[in-house]
Amino acid sequence: MRMITFFLVGLTVHIVFFLSIFDIYFTSPLVHGMPPHATLLPPPASRLILIVADGLRADSLFMPLHNGSSRTPYLRSIIEEKGTWGVSHTRVPTESRPGHVALIAGFYEDVSAVAKGWKENPVEFDSVFNQSRRTWCWGSPDILPMFAKGASGDHVYTHTYPAEEEDFASTDASRLDTWVFTQVKSFFHSAKSNSSLKAYLLEDKNVFFLHLLGIDTNGHAHRPMSQQYLNNIGLVDSGVAEVVSIIEEFFNYDGRTAYVFTSDHGMTNWGSHGAGHPSETLTPLVVWGAGVQTAQRATDPQPYIDEYLQDWKLEEIRRVDVNQADIATLMASLIGIPIPVNSVGVLPLPYLNNTDHFKAQSMYTNALQVLEQFKIKMSQRKDTTLSFFFTPYQLLTESKQEEFIERAKMLIRLQKYVDAVSLCQSLISHALEGLVYYHTYDRFFLGCSVVLGFVGWTSYVVLLILKTHASLIRNPSILRQIPNHTLARVFMCLAVAIVAFLLVQKSPMTYYIYCLLPVPVWYSVLKESGTLTDLIHSAPSLPLWKCLSYFLLVALGVELLVVSFFHRAMLTLGLAVLSLWPFVCGIFGRSKLRSLSWFFSCLCLAVFPLMPVMGRESNIHLVLCGGVLTFFTSACFLFSLWQRSVLHPCDRQQFAVQMLHVVVCAYVPFLTHSSLQQKQGLPLLNQIISWTTLASSLLVPLLSSTRLFHRLLSILLSLTATYLLLSTGSEALFPPALSWLMYVWINIEQEAMLAQGVPGRQELSTIDFSANIDISKIRQLKLDDIRRSYFFVFFIITAFFGTGNIASINSFDPTSVYCFLTVFNPFIMGGLMMWKVIIPFIIVMCTFETIQVVTQLSSRSLFLIVLVISDLMALHFFFLVQDYGSWLDIGTSISHYVIVMSMTIFLMLLSVVTHTFTSQRLALWRRPKIHFP
């Protein structure tokens, strides 16, 4: 009962620590209540056509062909003659939803919002569509509905194709774009005979949005260098030309239409996006039509550090780069609607072809719109902070705000437009910095609270280990003589003071949790601090040099694991060092075969962190090799079982079926890949086998014997079968290599126990997971158990990063789930990819469960050490979280902390699951009892 209580308390504490990062770094930047601002001067355009080619890379559009011609002759002619072009720089994550929010709403959606919803709005925000008089949209059902539901009133009309059309196995996804172009042409054709619709279309401030998903889908399915992807770009170019012609004809060539062509994100060479590679963050922008500057010749070398201009043969035409959120501000200015109130974009003036007065007034409007957000943010922060604690943003105090505004208005009245623009740009810059300042105002305070709780929790766990699992000399202490009720009163008064402070501050409810959590944690630490005096009293009898060397090695090992998050090759270094362990610790003399097996299995696994995780092409033949390797590894394993103990006929039959099933699952990706290459779609039989395998992967092992190696072999075969179905290349070899090392680890730990003189060694062939643990055989912790716990954490990190890293996890590449489905579904696909990541975890967790049984330790004692090591890593990453530098750096630093905290929480839950997974059994048939000697 006490262990269950400790588990629940520990789980709650870690969940709080995990959620704290979202309150500190992932809170929504949006504020509400700002009045809209629009330029009062007549706009140059009456309507706007926004065309977004989903997944289109900048170089794919701008790069000429080998013969000097272009695959997009129409857009190329616009760039060279009629419009202004540049590169739109996106932010991480480079996904469709945040990309479109930045384009149309003008702000960068926070990660928590992306996680809460894909097709709908988890938070309300303003957009160009909402500010327009009417907006008509055509395209994907994944993007369009969220802007319709986010609009006030009923003036955003969406036309989408069925979600089933987004099939990565289709012969050519360009039909999605053809559908959009056909619908737009039909729409304008029908408007000619529909008087009410025609009247709507002839009004000003209308927006038409064409979302083209074909390029993105073809890129995922066939890669961006494929003919399908490149041909789709050509189809889009001709489709844009035709649509422009129809629109111009419908409006009698009135010259009042503005066109914006861009993309939400790019795509890597291997068909994924989501991370921060330049191929993902550099997207094309081409703007032309009413109010837009025509192509300008570049007289001086252009100020861009990349070398793309020369490759694109566009060095003589002025290039104007923007941040993706700037496009929303540009669109609003062109048609004279209010800038979306949540926008953080800055109007890119070089795109405008208008008077200096209009440009200055538009920039002034932009500055007022950003300043309104700053005012609301400052007001909110001021209202929730005690006056003597409040520190305003010094560069934009209330007096300086008025000074900026009055001076800008005066400069415009005096027709000093260049100075007015410069002043407004400075005001916008200060306001944006101020928004960040107030948005992160409580970050240091919350961070200190979380760190205080973190350190307290780790200290409590260490004291608990020493008290319950270590042989210390008990000694009466002064702290033990302090009455518990006195200590409780002190901490109760402290808690009341914290609550009173937070109430005065009008702090959110979550602040109470973060600030109050350290109180009971440190109360528990002080209650157990007598154990620290026991440790000091026991110090003379301890081998201090050995203790110090162990702790030093573990500290270095933790640092190695931290660095491995940035450089996976550190895992290779770590495995190379671990391979020498039996030779250093004297195990080689006792068991040469096992020591050599450990050495070679470590070196084999060390190869995987050196393999590329991004940009690798699918190699289905390696998946077949993975299946064959698993088959032969299992055969050797089975032969070893046969030698160790009697194998029941039912077990033999089950293992034979599972081994055959592994071979089938290794062949299914080959058949699926072949079928998709031949444009025949996903075979139904392959899909049935895949989903059946997935559904039964956790059930089939429960049918096997609970004897140690019987159950482990069944788990390996079941999980590897699913892993093979989710593999596309060399990662299919990872589970058998990992399992080999785990098998050797179990065996060699017994030799390590004998080398240390631990009595009561039990033969592995006689161990049964379901047997009741003999309490009398449970031993106290020894220093070497710290090494065992570290090995476990190291293997868990290796299981996680052995075939991937942060970039590969963030990047969306659906190829690995093609055996299950090919129709786009982000949640099912994401769930399958997550299960693929979890499978190596389960293999290591089951091995650790076995180690606890083999080494005669309670599961609680070893896991407490694991908890301390994991928490030290999490605390390390908490200090490494940064909110400066590139967005990739910021996102990566936060991802590290989230991954370690998720891993700690996950391991706590998975330890319960794996205990059930190894010890429970479903008896579908009665077996005669077999007595083992």
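Taken in order, the sequence shown gives residues 1 to 933; the numbers are from the numbering used here.
Built from N, CA and C at the ideal position, the CB exists for glycine as well.
Three-way DSSP call (helix, strand, coil) for residue i in this model
i      : result
ARG318 : coil
HIS430 : helix
TYR935 : Residue 935 is absent from the model: the chain starts at 1 and stops at 933.
VAL157 : Checking the displayed sequence, the identity of residue 157 turns out to be Tyr instead of Val. Note: TYR157 maps to strand in three-state DSSP.
ILE300 : Position check: residue 300 holds Asp in this sequence, whereas Ile was assumed. Three-state result, ASP300: coil.
ASN366 : helix
GLY289 : strand
PHE560 : According to the sequence shown, residue 560 is Leu rather than Phe. Three-state DSSP puts LEU560 in a helix.
ALA874 : helix
ASN323 : strand
THR855 : coil
ARG91  : coil
PHE208 : strand
ALA752 : helix
ILE24  : helix
GLY86  : strand
PRO35  : coil
ARG47  : strand
ASP419 : helix
ARG413 : helix
VAL128 : helix
ASP177 : helix
ASP784 : helix
VAL9   : helix
PRO582 : helix
PRO29  : coil
VAL184 : helix
Residue i and residue j closer than 8 Å at C-beta
i      : j      : result
THR158 : ALA173 : no
LEU738 : ILE843 : yes
MET298 : ILE79  : The residue you asked about is not Met; residue 298 is Ala in the sequence shown. No, these two residues do not count as a Cβ contact at 8 Å.
VAL184 : TRP138 : yes
HIS211 : ILE104 : no
LEU561 : VAL793 : yes
LEU349 : PHE374 : no
VAL662 : LEU724 : yes
HIS265 : GLY33  : no
LEU864 : LEU464 : yes
TYR25  : VAL628 : no
GLN369 : THR39  : no
LEU726 : LYS836 : yes
VAL52  : HIS100 : yes
GLY289 : TYR259 : yes
ALA102 : ALA325 : yes
GLN401 : LEU371 : yes
VAL854 : ILE746 : yes
Spatial distance of residue i from residue j (CA atoms)
i      : j      : result
ALA666 : TYR437 : 54 Å
ALA569 : ARG594 : 26 Å
GLY760 : LEU857 : Because GLY760 sits at a pLDDT of 49, beneath the cut-off of 50, its placement in the model cannot be relied upon, and the following sentence gives the value as read from the coordinates. Roughly 12 Å between the two C-alpha positions.
LEU532 : ARG97  : 53 Å
PHE692 : ASP216 : Here residue 692 is Thr; the residue named in the question, Phe, does not match the sequence. If I take the Cα positions, the gap works out to 30 Å.
GLN654 : ILE715 : 12 Å
GLU433 : SER379 : 16 Å
ALA635 : MET903 : 33 Å
HIS898 : PHE827 : In the sequence as presented, His is not what sits at residue 898; that position holds Val. Distance between the alpha carbons of VAL898 and PHE827 is about 19 Å.
ILE688 : MET829 : 16 Å
LYS382 : TYR512 : 19 Å
PHE444 : PHE17  : 15 Å
LEU50  : LEU230 : 21 Å
PHE22  : SER696 : 35 Å
LEU201 : GLU165 : 29 Å
Beta-bridge pairing of residue i - partner residues as DSSP gives them
i      : result
ASP356 : The partner list for ASP356 (beta bridge, DSSP) is empty, contrary to what the question assumes.
GLY139 : THR160
THR283 : SER88
Kindly provide the ranges of any beta strand (DSSP E) runs that are 3 or more residues long and lie completely inside the stretch 216-275, ordered along the chain. As far as the stretch 216-275 is concerned, its whole beta strand (DSSP E) runs of at least 3 residues are 257-262.
Alpha helix (DSSP H) runs wholly inside the stretch 498-541, at least 4 long, in chain order: 509-516, 518-527 and 530-538
* Asked: Which parts of the stretch 51-78 are runs of the alpha helix (DSSP H), unbroken and 4 residues or longer, counting only runs that do not cross its ends?
  -> With a minimum length of 4 residues, the continuous alpha helix (DSSP H) runs that stay inside the stretch 51-78 are 58-62 and 73-77.
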